[in-house]
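Residue numbers (my numbering): -7 to 115.
Structure, as structure tokens:
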């Protein structure tokens, strides 16, 4: 790998890793959806503290599902960019994203400069 580009083999390896992550996230979403089902508010079935515990667990499960779904969307976008041949180019400026950045964060859509600008604008 050079500083600026990934070889086709490195992109292929990243794609395999992303496909495995995608499959694992799909499985996690299926399991997590069961944990985020509506909690029955029957006080006869649960005491007040137990019901609060159940609601807290449900909220944590929902947050996990949302986070997992967002990660899955990121991976899906990157896989589409790999297939289209656009992978490795910044979505904003169309410059190459550093190979080291893609190796560390394969789901990166922005070069370091554009990502920094986006983060500064968000703050």
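Backbone N, C-alpha and C fix where the C-beta goes; we use that ideal spot for every residue, glycine too.
Everything numeric in this text was worked out from a predicted model, so none of it was measured.
| Asked | Found |
| --- | --- |
| On the DSSP letters alone, give me the boundaries of the alpha helix (DSSP H) that residue 105 sits inside. | 104 to 114 |
| Between residue 67 and residue 14, which are expected to be in contact by the criterion C-beta below 8 Å, what is the C-beta distance as a whole number of angstroms? | 5 Å |
| Between 112, 91 and 103, which lies nearest to residue 3 when the distance is taken from Cα to Cα? | 91 |
| Return the CA-CA distance between residue 74 and residue 20, expressed in angstroms with no decimal places. | 24 Å |
| Classify residue 100: buried if its beta carbon has 16 or more other beta carbons within 10 angstroms, exposed otherwise. | buried |
| Could you please give the first and the last residue of the uninterrupted alpha helix (DSSP H) stretch that includes residue 94? | 91 to 96 |
| Round the Cβ separation of residue 88 and residue 9 to the nearest angstrom and send it over; I've been treating them as touching at under 8 Å. | That belief does not hold up - the Cβ atoms of residue 88 and residue 9 are roughly 20 Å apart, past 8 Å. |
| Give the straight-line distance between the Cα atoms of residue 58 and residue 12, rounded to the nearest whole angstrom. | 19 Å |
| Going by Cα to Cα distance, which pick from 103, 71, 79 and 98 is closest to residue 85? | 103 |
| Figure out for me which residue from 46, 48, 98 and 110 has the closest Cα to the Cα of residue 71. | 98 |
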